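Student: So this note's numbering is basically just the index in the sequence shown, starting at one, shifted up by 96.
Where is the CB? At the ideal position from N, CA and C, for every residue including glycine.
Small disclaimer: the values here were computed from a predicted structure and weren't measured.
One structure, as structure tokens, below. Some questions next.
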Amino acid sequence: MGLSDSYRDLGRREPPERSSMTGNTDLDGSLRTVGSVFSGSTSSTQSKLDQSSRVSQITWKGKLAFGLILAAVGLAFAFSAFFLFGEGEADLGELQYEAMAERASIIALQIMERKRLGLLTLSSVISGANPDARVWPQVQLTNFEVIANNLMKTADDYNMGFAPFVTPEQVESFEKHSYDFYETNRSPEPFPEGTAISPFGKGIYAVDPSTSERFHDTTGEVHWNSPNRILTPLLHHSGGPEKYLLSNLHADEALGSLIDGIIDCANSTSSLDDCTILSSISPNIIGWKPYDSDGAWGILLHPVYAQRSPETLSGLVLTSLRWSEIFNGAFANSVSGVYAVLEANDGSSYTYVIQEGQAVLLGEGDLHDTEYNDFRQETNLESKDRGNLNFFGEASVSYTLVLYPSEEFFDSFSTANPMLSSIGVVMILVVTSALFVMYDVLIRREYLVKKDLVEAKRKFIRFVSHEVRTPLNSVHMGLTVLRGELEAKYETDDAGPSGTMASRRASKKFVKTKTFKQLVSMADEIAMNCNGAVDILNDFINFDKLETDKLTLDLSILRLFDQIESISKEFKMVAKNNKIKMTIVTPLHPNQSGKAPKECFTVGDSMQLTHVFRNLLANALETTPDDGKVEVVASWHPNSMKNAKQNTKNFVLKDGKKMKVKHNGFMNFVVADTGKGMTQAQIRRLLHKGLDFNVNRLQAGNASGLGLWVAKGIVMRHGGTLTAHSHGVGKGSVFTVSLPTYDIDDPKPKGTAAQESVEAKDILGILKVLVVDDAKMNLKLLMRLVSKKGHKVDGAEDGAIAVDKASKAMDEGADFDVILMDYQMPNMDGPTATRILRSKGCNAFICGVTGNVMAEDIKHFKKCGANAVLHKPAKMKALEDLWIEYGVRGEFPLAEGAHDGEIEQEPKREIVKRNASDLSLSISSLGKHSPSTRVNMAGNVLDGSAKTPDYPSGRKTLGTGTGETSFDTDSDDLWASRMSLKSGISSMKSNISSVVN
């Protein structure tokens, strides 16, 4: 099976819609690997290193704005933290207050309940001890004091008493019974002598309100309006032999009204247990005020009945209470700053403040802080509707315990946490800001280091490009002149009219020698290797553009198959010299109407795609041994996408024209060889890392991979793919480029053979050209090339001279049609001269011809007024194509029969060629040595040919030293060309050595 059978089918495979190299990672990661070789960094920030000072100022303003925003955010966070923590503490205080108030209310009710139950218990004991109602009021309770004091401990009471109800008729018998008990029958021992004895003697007494003197009360009549004529003498007191024994409690108006209330309750209810009565606050009752009372106290009374007659009211028990004691038990010791207001339904009120759980009387009335009215918590202390505990009579005073917080209470929950949290937030932001500043300083320091490295790399590339392209320009133009002279002067039997017969015979003899053929071949090989050296420079420049995302495409409509076929044919001679069989397979060609098939067209950058195709061909020839094979297969495949919207795309061509085209398929360009081949690991390394700058491997004939990565980036920018494949070591390699094609009408149909043979001068006419270059050899050679095309040429050695000559020509009305301007020159550089000329109204077509090919240099040149910029080495065909493309026209010679002063119009048969010129963007792959080595070797051979006896010698004056150059003809022209070439090669060798060193 042959190579064609093995690989041709690869060209028929439809590629994916978008590009990614087969089985490998993206381009950017590998391109950064190359960047690390030049700049020592793989940072992605390199795309920002070319920012102007304006951008830098914006950056600093942005940092300042960020700092201010950060400070504002910090203050907002600090305030928020302070506010939220403060609110949290306030909320906690409110919750604690509500819980405390609820707890205090419950405990206050429990205390009141215990006091009532204490009286109820005492009442039950007396009732059980004296069950028969018939013996009442002649009753008593043995050990009353002991029982009462035990109950007082349980109920937190201060005193207790018992008083039976005595009618006036029963007074005498009751008094006799009572004194018998006090003096004789009391157990464990009688009261001391004189107990219950008043100034008037023994008996029940009352106090005359007018004289405050005791009197013997036997009638039960009172000085206030009471419906009941009864006596309620105090029979027992928890204090034992108190002086108030046998005092008529009903005779006291404050206490008597409460007793009337019990009587009314007993007459209206079936259960005397529900007739407990509570007095008003601090009643004026003699003998029952607690000894340590702070002023707010009360009396609690409960009825007593004989056990066997529960419906008959027989007496009462009573106790005094201190309101502060109720509050003391209701609050925990940790509570302070709470107002406890005791409100009675008779309109009276007292205010207490709780300090460390103890109630301190503030005074009579509601004295709480009205700012906290919304926090009012109230509890009815003798509610008549608490389940089954309806124990207060109608005559009882109703009490409400109302609680309010104070500022002191909430302050107890206020801590330094809000302030500490705010300070903490500020400190965190300060530390964060400090870290940010430190980070920014470090990053900026690293940025500046990387910027310096990248700038050094760019300056190095610019230096290499300029210093190598300049001598290469001399070499290339010298070769062009040399080969042109050889073909024009010595490839015919007629040596020309000039020169002696001896020199013409010597020339004929020289043409037939092997040396002549070797010189022609060597000139071609030197030109090819010059292109290789330029290609390497272009690869570095394109890499820089790809790395910084600045690669722009000059789009135009391209006829792909013709371009591939033309490029492939350029390498056929190289393949033949290396004994490699090279075949080209393309589907042809123009149809009979002169239109190329639609599937041949794409929209792309001709120069960049040419670089891709030549790179692949050069690699194939370099890796293929002698007697090997290289096959180029180009094929088209229709698009399988059905969605019409996805099939259309918009483009803006380099001339500003906008177009919308339909995607119709893919063109596959396959380069297959029988060379070294690759393992899968090598493919992964090639396509993943992509680069190898190991000198030993490069000298062994291996490529660095830089050209492939640049090619891949260019293809991807065109929406295509670049893939690699190999069956293994020694089995060759296959590289496939797939590019989208579009339905486009051929804008430039091919003409007939006669049309194609029309020379550029037939289109351009005779141009007046000013060549400006500070390198004298480049100046002379470029002037020579232009003059050989029949144009009028003048020269200038720097920008200042160019401005003077162009200005003088404008003043004389003999303006230059074209100015070829170098960039870097002494006295005045090219962009400055261009700007001055444009300011003077110069309308010439100014084209930069320079070794400065960095994007910013070209942009600056065009900004100063240049119409176009070409890279050195300059090619005459590229210049002519550019002039044709931009419509540059000169004078045409008089037609036959025309009169003097008449100028012939441009020929009707004009071929408009607007494809981008070939700027030598392929990587040389000829031979087994680097381009610089091959140039040195070729130069040495060419130097040796100067010593060949048959080579014409002798010269006349070359150049006038004024910027204008004149050439002699015949052998002197060839000698001058060879000397120019030799000088150019020597200069290039010197520059290459300097760059390498």
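Looking only at C-alpha atoms, which of Thr930, Lys884 and Val830 sits nearest to valine 868?
Tutor: Of Thr930, Lys884 and Val830, the residue nearest in Cα terms is Thr930.
Student: In the DSSP assignment, what residue or residues form a beta bridge with leucine 966?
Tutor: In the DSSP output, where bridge partners are listed per residue, leucine 966 has Val945.
Student: Compare the C-alpha of glutamate 976 against each of His887, Phe532 and Asp907 and name the closest.
Tutor: When each option's Cα is compared against that of glutamate 976, the closest is His887.
Student: Using the Cβ count rule (16 or more neighbours within 10 Å means buried), how would you classify isoleucine 355?
Tutor: The residue is buried, with at least 16 neighbouring Cβ atoms inside 10 Å.
Student: I'd like the list of long-range same chain contacts for alanine 402, defined as Cβ closer than 7 Å, with 5 residues on each side in sequence excluded.
Tutor: Within the same chain, alanine 402 has close Cβ partners Ser223, Asn226, Pro227, Asp228, Ala229, Trp232, Thr408 and Ser410.
Student: Considering only DSSP beta bridges, list what valine 728 is partnered with.
Tutor: Its beta-bridge partners are Ile680 and Val767.
Student: Are there 16 or more other CB atoms within 10 angstroms of the CB of glycine 891, so buried, or fewer, so exposed?
Tutor: Its Cβ being crowded by 16 or more others within 10 Å, glycine 891 is buried.
Student: May I ask you to list the residues that DSSP assigns as paired with glutamine 451?
Tutor: Paired residues: Gln454.
Student: Would you call the segment 769 to 778 in contact with the segment 713 to 728, where contact means no fewer than 3 C-beta pairs closer than 8 Å?
Tutor: Taking 8 Å as the limit for Cβ pairs, the verdict is that the segment 713 to 728 does touch the segment 769 to 778.
Student: Residues bridged to methionine 256 by DSSP?
Tutor: Partner(s): Thr415.
Student: Kindly indicate the opening and closing residues of the beta strand (DSSP E) around asparagine 476.
Tutor: Per DSSP, asparagine 476 belongs to the beta strand (DSSP E) from 473 to 476.
Student: DSSP on arginine 655, reduced to helix/strand/coil?
Tutor: Correct three-state label for arginine 655: strand.
Student: Within this structure, are the beta carbons of proline 927 and histidine 956 separated by less than 8 Å?
Tutor: The answer is yes: Cβ separation under 8 Å.
Student: Pair every Cβ in the segment 286 to 299 with every Cβ in the segment 446 to 453, then say whether three or more of these pairs are closer than 8 Å.
Tutor: Not touching, per the Cβ criterion.
Student: Figure out for me which residue from Thr817, Ile897 and Ile373 has the closest Cα to the Cα of proline 922.
Tutor: The residue with the shortest Cα to Cα distance from proline 922 is Ile897.
Student: Taking C-alpha atoms, which residue in Ile539, Glu504, Thr946 and Asn674 lies nearest to valine 431?
Tutor: Per the Cα distances, Glu504.
Student: For the alpha helix (DSSP H) containing glycine 352, name the first residue and the last one.
Tutor: Counting along the chain, the alpha helix (DSSP H) containing glycine 352 begins and ends at 349 to 364.
Student: Mapping the DSSP letters down to three states, classify isoleucine 932 as helix, strand or coil.
Tutor: It is helical.
Student: Cβ atoms of tyrosine 919 and threonine 946: under 8 Å apart, would you say?
Tutor: Their beta carbons are under 8 Å apart, which means threonine 946 touches tyrosine 919 by this criterion.
Student: For the beta strand (DSSP E) that leucine 866 lies in, which residues bound it at each end?
Tutor: From DSSP, the beta strand (DSSP E) with leucine 866 extends over 864 to 868.
Student: If we count the other Cβ atoms within 10 Å of its Cβ and call it buried at 16 or more, is aspartate 913 buried or exposed?
Tutor: Buried.
Student: Specify, as a first and last residue, the run of the alpha helix (DSSP H) that tyrosine 275 falls within.
Tutor: Here the alpha helix (DSSP H) through tyrosine 275 covers 267 to 276.
Student: Report yes if the CB atom of serine 201 is closer than 8 Å to the CB atom of leucine 497, and no otherwise.
Tutor: Closer than 8 Å, so yes.
Student: So if DSSP puts glutamate 987 in a beta bridge, which residue, or which two residues, is it bridged to?
Tutor: Glutamate 987 is bridged to Ile862.
Student: Please identify the residue among Asn441, Gly459, Val400 and Ser664 whose C-alpha is closest to the C-alpha of serine 420.
Tutor: Residue Gly459 is the option with its Cα nearest to serine 420.
Student: Specify, as a first and last residue, the run of the beta strand (DSSP E) that asparagine 746 falls within.
Tutor: Taken as a continuous stretch (DSSP letters only), the beta strand (DSSP E) holding asparagine 746 covers 744 to 748.
Student: Here's the rule I'm using: 16 or more other beta-carbon atoms within 10 Å means buried, otherwise exposed. How should valine 1031 be labelled?
Tutor: Low per-residue confidence applies at valine 1031: pLDDT is 48, beneath 50, and the placement is therefore not dependable, though the value from the model is reported in the following sentence. Per the 10 Å Cβ criterion, buried.
Student: Using the C-alpha atoms, what's the distance from serine 731 back to serine 664?
Tutor: Each residue's Cα considered, the two are about 15 Å apart.
Student: Can you tell me where the alpha helix (DSSP H) with glycine 752 in it begins and where it stops?
Tutor: Run containing glycine 752: none; DSSP gives neither H nor E here.
Student: Just curious, the beta strand (DSSP E) that lysine 888 is in, first and last residue?
Tutor: Residues 888 to 892.
Student: Tell me, which residues are paired with leucine 372 by DSSP?
Tutor: With the sequence shown as reference, residue 372 is identified as threonine, and leucine is not the correct amino acid for it. The partner list for threonine 372 (beta bridge, DSSP) reads Phe488.
Student: Rounded to the nearest angstrom, what separates glutamate 551 and aspartate 953 at their Cα positions?
Tutor: Their backbone Cα atoms lie some 14 Å apart in a straight line.
Student: Can you name the residues that DSSP bridges to isoleucine 395?
Tutor: Its beta-bridge partners are Ser416.
Student: Tell me the rounded alpha-carbon separation between glutamate 418 and asparagine 363.
Tutor: This sequence places arginine at residue 418; glutamate is not what is there. When rounded, the distance between both Cα atoms is 30 Å.
Student: Grab the span of the beta strand (DSSP E) containing serine 834 for me, first residue to last.
Tutor: Where serine 834 is concerned, the enclosing beta strand (DSSP E) stretches over 829 to 838.
Student: In three-state DSSP terms, what is isoleucine 293?
Tutor: In this structure, isoleucine 293 counts as strand in the three-state DSSP scheme.
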